[in-house]
Amino acid sequence: MKIVIDANVFLNVIFEEEGFLESSKRLLKLVEQNRFRGYISSVTLSEITWVVHRESGYRKAREALSYLKDLSELGLIKVIPLDEEIVSGMLECVEKYNLSLVDSLVLSTVMNIGADALVTRDESFRRVREVEVKIPEELV
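Quick note, the sequence shown lines up with residues 15 to 154 if you use our numbering.
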């Protein structure tokens, strides 16, 4: 199964968020075991790094970035770069669903690569009908 993983799933693990940590950690473990083909938008990579830096400082942000880079280099997660098609799709997502810039870019990425699901805890995606939206608990 081809899944796009939103930033909040990684942040659940990085910040050890009570109530979300275990299921998010299990999902990422399944990606590491190749049970799912994991993808993230390059915007998600930036968002994770920025949030971790803001909340925990430079060193923790570098550790998070290093972890994601390792997953990418091992072929366990593919980082999808922004291109004209994704940006064009983003505009459609903003217009149709009134999503934020970042959420619209993530949704456009999901549609662009033909992912089976978007894994997120962001409630704003629940109104989207074009793609399957799952929380980690639904996949582990």
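Here a beta-carbon is modelled for each residue, glycine too, at the ideal position from N, C-alpha and C.
For I19, three-class secondary structure by DSSP
As a working note, residue 19 is residue 5 in the sequence shown. Looking at I19 - three-state DSSP - the assignment turns out to be strand.
Grouping DSSP H, G and I as helix and E and B as strand, with all else coil, what is G128?
Within the sequence shown, residue 128 is the residue found at index 114, counting from 1. Three-state DSSP puts G128 in coil, outside helix and strand.
Is there a C-beta anywhere in chain C that falls below 8 Å from the one on E31?
The displayed structure is made up of one protein chain only, and chain C is not part of it.
Quick check on the DSSP output: the alpha helix (DSSP H) that includes I62 runs from which residue to which?
Residue numbering aside, residue 62 sits at position 48 when the sequence shown is read from its first letter. Counting along the chain, the alpha helix (DSSP H) containing I62 begins and ends at S56 to S70.
How far does the alpha helix (DSSP H) with I149 in it reach, from first residue to last?
Start at 1 with the first residue of the sequence shown, and residue 149 comes out as number 135. Premise fails: I149 is in no alpha helix (DSSP H) and is neither H nor E.
Element boundaries [beta strand (DSSP E), containing V93]:
As a working note, residue 93 is residue 79 in the sequence shown. First-last of the beta strand (DSSP E) with V93: I91 to I94.
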